[in-house]
Structure formats: C-alpha cells, structure tokens
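A short write-up of the structure that comes next.
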Amino acid sequence: MKSFFRKEIIAFCIFNLIFHLQGFAQNTVTLEKGDLKAVFVDNSAYGDYHYKGYNGIAELYHIKQDSTIFVPAFSGV
239 MKSFFRKEII AFCIFNLIFH LQGFAQNTVT LEKGDLKAVF VDNSAYGDYH
289 YKGYNGIAEL YHIKQDSTIF VPAFSGV
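Residue numbers (my numbering): 239 to 315.
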C-alpha cells in the first residue's frame with residue numbers, strides 16, 4: 239500500500255512540475271553572429287504576420303538595415 243501512495247505522490251509532483259513549466263516554454267530562438275540576427279519560430283503565431291502553422295525563419299536582420307529582410311506575405315526570404 240505504501241508503494242502505491244509513493245508512486246501516486248511522485249506522479250502528482252511530476253504532473254504539476256510539467257504543467258507549471260509549460261508557461262515558460264519559448265516559441266522562438268534568436269541567433270546572432272557578426273552582422274546578422276535571425277529569429278526562428280515553431281508552429282506558433284509570431285508577430286503580426288507570421289501565422290500559426292508556419293515554422294522556420296520569422297525575422298532576418300542585417301546590422302545595416304532598419305527592417306527585416308524576411309517577407310512574411312510570401313513566407314520566405
């Protein structure tokens with residue numbers, strides 16, 4: 239009987255930990271190297287134009303440009 243309750247408590251703690259950590263999940267990864275900066279996204283919506291269901295590059299910047307060279311209307315660079 240003790241073993242059953244021990245397993246139940248462990249399962250409860252793991253479930254609560256996973257549920258709590260879901261709020262901290264990131265949908266983006268930003269990489270910067272030299273003059274370039276790229277933002278990659280998962281299938282979540284991102285910004286005003288990157289719709290749900292698309293993944294990959296959402297933003298691509300060069301240090302000498304004031305806007306991204308990614309073209310969201312065409313889903314590509």
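Quick reminder that beta carbons are idealized off the backbone N, C-alpha and C, glycines included.
In DSSP terms, what residue i is bridged to
i, result
"PHE188", "One cannot answer for residue 188 here, as it falls past the ends of the chain, which runs 239 to 315."
"TYR289", "Paired residue(s): none; TYR289 is not in a bridge."
Test item: CB-CB of residue i and residue j under 8 Å
i, j, result
"ASP273", "ILE301", "yes"
"TYR284", "THR266", "yes"
Chain D contact for residue i (CB, 8 Å cutoff)
i, result
"TYR299", "Any reference to chain D falls outside this structure, which holds one protein chain only."
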